[in-house]
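Structure first, commentary second.
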Amino acid sequence: MAARAPAQRAAPGGAAKICQFKLVLLGESAVGKSSLVLRFVKGQFHEYQESTIGGNFSAFLTQTVCLDDTTVKFEIWDTAGQERYHSLAPMYYRGAQAAIVVYDVTNADTFARAKTWVKELQRQASPNIVIALAGNKADLSVKRVVEYEEAMAYAEDNGLLFMETSAKTAMNVNEIFLAIAKKLPKTDSRGPGGVAAPGGAQSGNVELKPDGAKAAGGKCC
Amino acid sequence: MASEIEFLGEAPGSHYSGDALLLADEEADDSVSVSGGSSTPTSQLLAGGVGSAGPDTDAVASALQAGDLEADRDDDDDDDDGAANPSSSSQPAATGGTAAATAASPARRPRLASTSLKEALRAEASVSSRSGASAANANAAASSATAGLAPAASSPASNNSASSTASDKPAPQAAHQSDSVVESAEDIPFNWAADEKHIFILSNAGKPIYSRYGSEDRLVTMMGVIQALVSFVQDKNDTLRSIIAGDYRFVFLSKGPIILVAVARTGESEMHLSSQLHIVYNQIISVLTHTQLTSIFEQRRNYDLRRMLAGTEKFFDSLITLVDSDPSFFLTAVRCLPLAPTIRNTIGQTLQQNRPADLLFAMMIAEKQLVTLVRPKKYPLHPSDLLLIFNLVNASTSFSAAESWIPLCLPKFNNRGFLHAHVSYLDADLETDADAPARSGSGRVCLLLITTNKDLFFVLSEFRKQILQSLQATQSMEAIQDALDRENYRIAHVDIAGLRHFIYKSKNTSQFTQPELEAPYTTPEERQRLFRQYQHVHSAIHSTARPLKIYFNNGSKEAMLGWITTNFELYATFGPLVTKSGAIAAVNRLLQWIKHEEDKLFILNAQVF
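Chains as they are written, first to last, in the numbering used here: chain A, 1 to 221; chain B, 1 to 609.
Structure below.
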């Protein structure tokens with residue numbers, strides 16, 4: 001199995017601030033959400049990953065990264081992409097500070113579905129949510145049907161972070177999480193908020209961000 | 001076969017006082033198994049069998065004849081592989097014309113092997129699905145069937161007939177090849193006769209939902225036949241329960257908006273196949289709830305339910321495999337991990353201490369064995385619900401990668417709503433913050449915390465940590481690991497001459513125990529054969545027409561004994577030379593041994609709060 005992810009670990013006691021963020025992964029089933037998370041959290045990749053870690057159900061994982069003087073702890077909800085669980089999705093993105101919407105570059109339907117998720121997040125999630133779009137399975141370039149430029153243009157229009165990723169080769173996996181961490185407002189979470197309770201939007205979120213996610217809220221192609 | 005069946009008086013000896021209810025009383029289970037003495041009028045179609053009488057049967061039979069199925073099989077004694085024989089006389093028009101035309105040809109004498117049965121029925125199916133379930137005449141059948149099949153016959157004209165029957169007429173060598181190639185489905189005949197047992201699920205509208213083998217899409221026509229058969233009989237205010245054709249038994253279960261069908265040449269009884277269909281149906285409910293299932297089809301009769309069940313195929317596959325090898329399912333009982341009662345109590349207390357208010361059930365499962373179960377006093381957990389949970393845990397190999405949060409419906413507990421389950425392995429490394437190297441997939445001991453509150457995840461996650469600490473403090477984890485490492489007990493421990501194997505079910509607790517299978521039951525074939533023997537004894541004892549108290553059959557390979565009392569069911573296997581009195585003496589000694597070991601083998605005192 002693959003080597004351990006090189007993501008920076010929290011230096012014990014060294015970091016000045018600790019931030020905790022709730023992050024949710026959304027996207028059609030079988031686009032590789034669980035694979036991305038497993039790559040990020042455990043440095044592993046399974047060619048035949050069972051549909052969602054828990055077998056079609058939502059799974060919860062955590063990972064900590066160091067960013068300058070801040071320790072960022074991600075609490076990650078890997079949600080099930082199946083249609084029947086769509087109605088449960090708000091439970092997971094409600095109160096999330098960040099979302100990664102994943103599609104499969106070899107499947108145009110999943111890109112269309114990703115756009116729907118982005119719209120739903122812009123409409124219903126916390127207004128400051130940082131949304132990243134991940135075009136996964138980028139290693140399968142021969143089968144590619146969603147072009148980089150197309151997705152990039154969409155992401156720019158909507159103020160999304162965008163990267164093409166590959167859980168298999170680890171390409172851009174840590175990077176996309178780090179990019180999100182950089183974009184998130186760093187308020188020390190050891191005050192109120194604490195462990196992200198479902199639905200509890202964090203108070204620090206009132207800070208406006210210079211670009212992106214927020215500005216695009218509500219209007220979209 | 002030298003068989004003796006005896007009725008004895010009320011069996012002696014009660015082994016448990018009635019208080020040790022861990023699980024729900026089994027009475028409720030009666031609603032699951034099909035009762036032969038059911039009050040609804042039912043008819044059993046014996047196609048090609050010894051002519052069975054009764055007005056309903058006749059009506060159906062004549063309707064079937066409209067599709068040119070004759071209840072006449074004088075040349076059909078070689079049915080075994082008839083279905084696999086493409087050049088059989090049942091396909092006279094294979095070189096020209098469509099299969100539908102063939103089916104409608106009055107001169108044809110169809111074999112009553114399943115192939116021809118299905119083919120003939122399909123002709124009728126097309127009629128029924130077009131013009132309602134009426135007894136249309138053969139000509140109508142022919143034309144509709146032709147029209148209905150024409151689009152499917154897309155392969156070259158020279159191969160027309162073969163392709164239009166591709167979904168159910170197998171070619172001898174095409175065996176499992178068909179499963180792997182999906183793209184060119186129409187070109188490759190689906191050799192459905194190659195497999196012993198099939199389960200099909202379809203909607204009342206005839207849309208495929210699930211097939212154990214092959215792709216549902218290619219079975220559309222067969223689904224149509226099934227739908228037509230069921231609705232035809234329903235039209236007469238009757239219920240189609242089963243059809244016997246050659247070695248095959250077709251068992252039908254119509255449940256609300258869906259129809260389930262088992263097709264088997266395993267020799268299993270109708271009762272068992274039907275109860276397996278109920279189990280599969282409950283699996284659907286556990287994913288969707290009864291409410292959702294009903295409302296989906298109320299809104300759109302034509303709905304393709306596969307969209308809602310996407311990703312759950314493995315639970316069905318696993319379940320259907322398990323019912324063919326695990327006695328839990330026909331016994332409706334679970335197996336417990338053998339543990340000293342003091343250890344089990346300690347673990348049970350750990351699951352109860354400081355439990356969150358909304359916790360409903362807490363349980364630990366290790367390798368398909370129950371370690372312990374804690375529940376509220378007033379809410380028993382039905383064993384068949386528990387078996388669905390076992391299947392869920394068993395079929396998901398990667399719960400050990402993370403804590404999971406699962407909406408789950410337990411049909412016997414409440415089929416209208418979801419419970420939420422926090423599922424994790426206690427012995428897998430989930431602490432990703434820790435410095436320990438990442439590993440996953442190593443978990444054996446699964447903890448399930450089930451609640452009605454969908455927002456309780458983080459509370460339960462904390463509770464899990466507390467349980468883990470407490471288990472480590474009391475060294476219970478080691479005890480469980482030891483019990484798992486230690487192999488199950490062997491028949492030698494029981495030390496009764498001639499006894500090869502047994503299954504003992506304690507009816508009060510809905511739990512059972514069995515030793516390891518040993519020689520001569522070491523090959524998969526022999527194990528499967530023994531399993532079928534047990535099923536056979538079980539259905540003989542539970543036969544609604546003629547229930548037995550004691551069953552003894554001295555066969556050529558082994559002697560089987562079955563014994564049912566108010567407190568237990570016992571199934572024992574002896575060498576073929578044992579005498580009946582010898583066997584009875586042996587089981588009496590066995591009962592003493594079980595009595596001696598019962599506090600280890602069973603959970604006698606339910607942990608309730």
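In this text, a Cβ means the ideal position worked out from N, Cα and C, and glycines have one as well.
This structure is a prediction, so every number in the text was calculated from the model and none was measured.
Which whole-angstrom value describes the C-beta separation of B/I285 and B/P411, a residue pair presumed to lie in contact below a C-beta threshold of 8 Å? 4 Å
Indicate whether at least one CB of chain B lies closer than 8 Å to the CB of A/R84. yes
Hey, which unbroken runs of the beta strand (DSSP E) at 3 residues or more fall wholly within the stretch 95-123 of chain A? 98-104
Return the CA-CA distance between B/V220 and B/L202, expressed in angstroms with no decimal places. 9 Å
Using the Cβ count rule (16 or more neighbours within 10 Å means buried), how would you classify B/F609? exposed
Through-space distance from A/D78 to A/S34, alpha-carbon basis: 6 Å
At least three beta-carbon pairs within less than 8 Å, the stretch 281-297 of chain B to the stretch 550-570 of chain B: no
Segment limits, alpha helix (DSSP H) that includes B/F330: 327-331
The alpha helix (DSSP H) spanning B/Y281 covers which residue range? 270-288
Straight-line gap, B/F252 to B/L322 (C-alpha atoms, nearest Å): 20 Å
Is there a C-beta anywhere in chain B that falls below 8 Å from the one on A/F177? no
Could you tell me the distance, in whole angstroms, from the CA atom of B/Q511 to the CA atom of B/A492? 22 Å
Would you tell me roughly how many angstroms separate the C-alpha atoms of B/P208 and B/E313, rounded to the nearest one? 13 Å
Terminal residues of the beta strand (DSSP E) in which B/I199 lies: 197-203
Helix, strand or coil: how does DSSP classify B/G341 here? Residue 341 of chain B is actually Pro in this sequence, not Gly. Looking at B/P341 - three-state DSSP - the assignment turns out to be helix.
Which residue's Cα is closest to the Cα of B/H272: B/D326, B/Y303, B/A194? B/D326
Anything in chain B within Cβ reach of A/A59, meaning under 8 Å, just list it in chain order. A401, A402, E403, S404, W405
Under the DSSP definition of a beta bridge, which residues are partnered with B/W563? B/I550, B/L570
If you follow the beta strand (DSSP E) that B/I258 is part of, which residue opens it and which one closes it? 258-264
Could you confirm whether any beta carbon from chain A is found closer than 8 Å to the beta carbon of B/F457? yes
Rounded to whole angstroms, what's the CA-CA distance from B/I550 to B/W563? Just pull it up for me. 4 Å
B/I496 - DSSP class collapsed to helix/strand/coil: coil
From the beta carbon of B/M364, is the nearest beta carbon of chain A less than 8 Å away? no
Contact with chain B by A/Q35, beta-carbon distance below 8 Å: The question names Gln, yet the displayed sequence has Ser at residue 35 of chain A. Chain B, which has no Cβ nearer than 8 Å to the Cβ of A/S35, makes this no.
If you follow the alpha helix (DSSP H) that B/T312 is in, where does it begin and where does it stop? Here B/T312 belongs to no alpha helix (DSSP H), and DSSP marks it neither H nor E.
Show which residues of chain B have a CB atom less than 8 Å away from the CB atom of A/E166. Here residue 166 of chain A is Ser; the residue named in the question, Glu, does not match the sequence. Residues of chain B passing the Cβ test: none, with the nearest at roughly 19 Å.
Going along the chain, which unbroken runs of the alpha helix (DSSP H) with 4 or more residues stay wholly within the stretch 27-72 of chain A? 33-42
Amino acids of chain A, ordered along the chain, whose beta-carbon sits closer than 7 Å to that of B/L468: Ordered by position in chain A, no residue passes the 7 Å Cβ test against B/L468, which lies about 16 Å from the chain.
Per DSSP, B/S424 forms a beta bridge with which residues? B/L447
Any Cβ of chain B within less than 8 Å of the Cβ of A/M228? What is shown of chain A runs 1 to 221, which leaves residue 228 of chain A out entirely.
Under 7 Å from the C-beta of A/L88: neighbouring residues of chain B: P407
Simplified DSSP state of B/H382, which is helix, strand or coil: coil
Residues of chain B with CB closer than 7 Å to the CB of A/L38, please, in chain order. A401
Residue closest to B/L447, alpha-carbon to alpha-carbon, out of B/Q369, B/L591, B/T523: B/Q369
Compare the C-beta of B/G311 with all C-beta atoms of chain A and state if any pair is closer than 8 Å. yes
Just how far apart, CA to CA, sit B/R589 and B/I503? 14 Å
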